[in-house]
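Notes follow the structure.
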Amino acid sequence: SNIKKEKKGDYTLNYNTKRRRLSLEVRNIMGKRKADKRQIFSLPTNESARSKIFNKMIKEARLNKKIKMSDAIHTFAYNLYNETKNIYLISAHLGHKSIEITKSKYDYMEEESYLIKNNILRDKGFINNKFKSRSLFKKGILLSDK
1 SNIKKEKKGD YTLNYNTKRR RLSLEVRNIM GKRKADKRQI FSLPTNESAR SKIFNKMIKE
61 ARLNKKIKMS DAIHTFAYNL YNETKNIYLI SAHLGHKSIE ITKSKYDYME EESYLIKNNI
121 LRDKGFINNK FKSRSLFKKG ILLSDK
């Protein structure tokens, strides 16, 4: 587990190689870990309800700018792309059904450069020939080129 108990009763959460201290109170609120995919906080799946919660948070933060939920999503995608250059990761995080949706919304993101950089493809021409009739990407998972 990434959560470790310290001598003073506090807990430490290892996340991306950084340690975050959690108080005993926070640990009690979180409870015991039930499953890897279980979320601590959940937002409604309804887009309208998510936007209302987001707008309430903006109001409570006393931000004077008109910020929309989509602005936050685009900022997240932009920052993650700048950090990883992995369009597949971004597409999966955003819940897109295909890499084409991600490419159409974020035209600055390149699929080929990530594949070449990670030795998945030798050159851009390989995509046009090998994957002409099928997708490279399915449900957030990179398909094998074999």
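Taking our numbering, the leading residue of the sequence shown gets 1, the next gets one more, and so forth.
All C-beta atoms in this analysis are idealised placements derived from N, C-alpha and C, irrespective of residue type, glycine included.
In the same chain as L80, and ignoring 5 residues on each side of it, the C-beta atoms closer than 6 Å to its own belong to I90, in chain order.
Taking 8 Å as the cut-off, the beta carbon of Y88 is found closer than this to the beta carbon of I99.
Going by beta carbons, K85 and K117 fall inside the 8 Å limit. Residue state for L22 is assigned as strand, using DSSP reduced to three classes. Around the beta carbon of L63, fewer than 16 other beta carbons lie within 10 angstroms, which makes this residue exposed. Pairing T75 with E112, the inter-Cα distance amounts to about 22 Å. DSSP places D71 in the uninterrupted alpha helix (DSSP H) bounded by 69-84. Looking from the CA of L94, the closest CA among N82, E110, E83, I73 belongs to I73.
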